[in-house]
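Heads up, the thing below is written out as structure tokens.
Right, here's the structure in full:
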């Protein structure tokens, strides 16, 4: 052997040996003799101080920007420019030092070999799998030229469409919409597949969507987790629920599925899917009849209680409620009465419940029940759904003016986003809004001009939008599809150009939650890997190229620094709300907004200023002033199929990582044993699940956690697995959503299928 | 084998794995004198399917994938190679951007170390070169080659040629020249 392993390792790892080795190296002429390549001779070689063998940690503040209740505050440990591990910030009483399993995998996500690394172009046509590397300059040149060509031919940029949603909820990420604002009037996929029906319901009732601080739940005396499964999907909230329970509170889970949260509750009530609104109306009738309603609060703070009560008296028959919901009447009575007697009592409503054709009406009915019980405006009470009360940033990245002379859409004004509603000046033109929940058909049907370019950011369209087969047709008819993402997902497969995007650890940003009340700084902790860029930098590069080709064609800054852009998002209102003088204080850790109890002052932002059982707006928009019982969508096939969130993923994110693949390697369809027996399906059998939209093949798991008559599949994107639940989900709308988010939600849990053993 | 050829072989393979576009890749590939006729675009499309992406490539060109963890880069072996480079007197302008154990970067280091010995007759780093070859490159490059060859497609003569050139280089370096030179 011409080397000694021990000797070399001693030179590399032992400080004294390395110093003397480097002294010899400097003297040997090595440094001036290297031919040079990627690696260069180190002219500043330090041969004086012994190498200590261990480089020290630097720490950075980060936030989990995913679409999750918990929006964790993170502390990141970096050594020699490489992330080593992360932990939950201890300064936040909500995150309290721990992330979820998905968050804890962030190091593996950042350094995943599967990340998109370079801008690339698909040269053999969409879906061909033939990819070429292109430089960022080439990518921007192709996109800029296409945009300018479309503008010349169409006279507008309405042929350019943007679909962006919740892949990253950092405030500066609204710069993606800012990029589209800055080129002219364009087409936007507007609305939200998430929670719009519930947002409308709460706004009709209370003039806002504004929930109590979840940390108060520790002092609640009665908690109903209604169609929500925090044990899987808001794990940090569970400690407050456990604490309340430990102090004697009753925790009841109402859900069609026996969830992890149900397993931790005092009581689980399995309800027939889509009948929750009726249950709430029945419960309200019960407590009013028992004289346990809060008449004083109702007199002072509500509008239309009389009409509401008259409706309950006339239309709600308790025997029917029991029959339709599938819950024994005695159990309903016990639940309603014990809730009414406990003060404070609260209900947390999940987002799945409003993904039905009667979803908004169900949220309205539950709001009304909480109001009747006198728990609105109370500490540790409330009808909890979500809030945006800490989102009052400047939206500087979003707010870009149109280029002079821009021509746009002259149809009726459409939509907004639910998070960043920045009022612009009234203009002669608007953008064109297409319903995000009908993306496939809207892209296909848009005319004058037709959509020719689609930019996808912070979103995996194929995993999250409905009717996959129609989506493929929609993508194939587009001239240019640009997908900016971190991973090669199914949407990227149908792209012409993919652009590699930075993770939150590679850029600055600032984050708040739609559930808790903490504010977290997100610092750049590491250099961007390979050729990845932040969405803001991409926008700046596009602006630069467009302005080179046609001066004045894009108003977005031509160079940006994500830190400077993040700083611009702060304002005195945010500082006041969070009790800080400067954003720099956030380097010491996250801070919480000053405590406030929603509606404690009895002021509602409804037209009447009161809680509206009777809403003229609801009558005008949705045909019913009162929260009434609306029957759910009629079945069009044998079994209902629901597609809730999985604990191993956040929508289409995280499931592709090694840790998640280890514990949850493949999708299953969960079937009630009774239904399985009728179809002669056994545990582990491969079954075909099919309906008029499409067909999926996957393994069956038998469990009575799901009701007979219903099958369950999680919505997820698997790496290297063709499974996509949206093969089966159509794009039927839920009842509400158009009021506040621009488009109705989607009734994705009102999907019906059949299945057979293969 | 000529000294120049030994050095050139490493250099051309290095340039193949560090190419940033079709043109650079084709120039480096043609320098290997394969007699395979292939267009710039086809060569790159195949190369990307094998080693780059954006879809999961057949064989990732990072040591950590074969030594530490099949799914991640920038792990323990990457940092070990970083320490080696620093001890060899290198500085890496792409530090923390391209993982230090990317095949192109490792071939670059190996080429430069070989160049010191072959062209400049400086042997100060020879022991480190041998360590790098036997204790690092030999641990993963054969596995990388085997994985890529196992799954090679019939139409990928150019990729098979590149892999066999790499294999042959490694065998030569670790057997005859690597020890006796």
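Residue numbers (my numbering), protein chains in the order written: chain S, 1 to 758; chain F, 759 to 939. Where a beta carbon is used, it is the ideal one built from N, C-alpha and C, also for glycine. These numbers were taken from a predicted model, which means no experiment stands behind them.
Starting from residue i, find everything on chain S with Cβ-Cβ shorter than 9 Å and list it in chain order.
i, result
"residue 849(F)", "39, 40, 41, 42, 43, 44 and 45"
Does the distance from the C-beta atom of residue i to that of residue j stay below 7 Å?
i, j, result
"residue 99(S)", "residue 68(S)", "no"
"residue 303(S)", "residue 614(S)", "yes"
"residue 699(S)", "residue 207(S)", "no"
"residue 703(S)", "residue 670(S)", "yes"
"residue 617(S)", "residue 680(S)", "no"
"residue 229(S)", "residue 187(S)", "no"
"residue 736(S)", "residue 360(S)", "yes"
"residue 184(S)", "residue 157(S)", "yes"
"residue 629(S)", "residue 278(S)", "yes"
"residue 220(S)", "residue 368(S)", "no"
"residue 511(S)", "residue 214(S)", "no"
"residue 904(F)", "residue 816(F)", "no"
"residue 854(F)", "residue 81(S)", "yes"
"residue 518(S)", "residue 592(S)", "yes"
"residue 475(S)", "residue 494(S)", "yes"
Could you please give the first and the last residue of the uninterrupted beta strand (DSSP E) stretch that includes residue i?
i, result
"residue 699(S)", "695 to 702"
"residue 670(S)", "668 to 671"
"residue 349(S)", "345 to 349"
"residue 448(S)", "Where residue 448(S) is concerned, there is no enclosing beta strand (DSSP E), given that its DSSP letter is neither H nor E."
"residue 230(S)", "That residue, residue 230(S), is in no beta strand (DSSP E); its alpha helix (DSSP H) goes 230 to 233."
"residue 925(F)", "Residue 925(F) -> not in any beta strand (DSSP E); alpha helix (DSSP H) instead, spanning 915 to 932."
"residue 710(S)", "710 to 712"
"residue 224(S)", "222 to 226"
Mind pulling the chain F residues with CB within less than 7 Å of residue i?
i, result
"residue 242(S)", "Here the premise fails: no neighbours, minimum Cβ distance about 34 Å."
"residue 29(S)", "880"
"residue 658(S)", "829"
"residue 113(S)", "818, 820, 823, 829, 830 and 831"
"residue 19(S)", "Under the 7 Å cutoff, chain F gives no residues; its nearest Cβ is about 11 Å from residue 19(S)."
"residue 81(S)", "853 and 854"
Using the beta-carbon of each residue, which ones in chain S are nearer than 8 Å to residue i?
i, result
"residue 863(F)", "38 and 39"
"residue 803(F)", "123, 124, 130, 131 and 132"
"residue 808(F)", "Simply none; closest approach about 12 Å."
"residue 870(F)", "34, 35, 36, 37 and 39"
Mind pulling the chain F residues with CB within less than 9 Å of residue i?
i, result
"residue 529(S)", "831, 832, 854, 855, 856 and 857"
"residue 723(S)", "Residues of chain F passing the Cβ test: none, with the nearest at roughly 16 Å."
"residue 25(S)", "845, 846, 847, 882 and 883"
"residue 101(S)", "Residues of chain F passing the Cβ test: none, with the nearest at roughly 16 Å."
For a test of the three-state rule: what should DSSP assign to residue i, helix, strand or coil?
i, result
"residue 297(S)", "helix"
"residue 755(S)", "strand"
"residue 208(S)", "coil"
"residue 156(S)", "coil"
"residue 242(S)", "helix"
"residue 590(S)", "coil"
"residue 583(S)", "helix"
"residue 517(S)", "coil"
"residue 83(S)", "strand"
"residue 414(S)", "Confidence in residue 414(S) is poor, its pLDDT being 48 and thus under 50, which makes the residue's placement too unreliable to answer from."
"residue 936(F)", "Reliability of the predicted coordinates at residue 936(F) is poor, the pLDDT of 48 falling under 50, and no value is obtained from them."
"residue 820(F)", "strand"
"residue 57(S)", "strand"
"residue 750(S)", "coil"
Which partner residues does residue i have in the DSSP bridge list?
i, result
"residue 88(S)", "74(S)"
"residue 40(S)", "849(F)"
"residue 174(S)", "According to DSSP, which records beta bridges pairwise, residue 174(S) is partnered with nothing at all."
Residues of chain F with CB under 8 Å from residue i, in chain order?
i, result
"residue 488(S)", "811, 812, 813 and 814"
"residue 652(S)", "Those within 8 Å of residue 652(S) in chain F number zero; the least Cβ separation is about 16 Å."
At what residues does the alpha helix (DSSP H) containing residue i begin and finish?
i, result
"residue 741(S)", "738 to 741"
"residue 641(S)", "Not the alpha helix (DSSP H): residue 641(S) falls in the beta strand (DSSP E), residues 639 to 642."
"residue 132(S)", "Careful: residue 132(S) lies outside any alpha helix (DSSP H), inside the beta strand (DSSP E) at 131 to 133."
"residue 499(S)", "Note, residue 499(S): premise wrong, no alpha helix (DSSP H); beta strand (DSSP E) at 497 to 500."
"residue 804(F)", "798 to 805"
"residue 464(S)", "461 to 464"
Using a Cβ cut-off of 7 Å, pull out every chain S residue sitting near residue i, in sequence order please.
i, result
"residue 841(F)", "12"
"residue 780(F)", "132"
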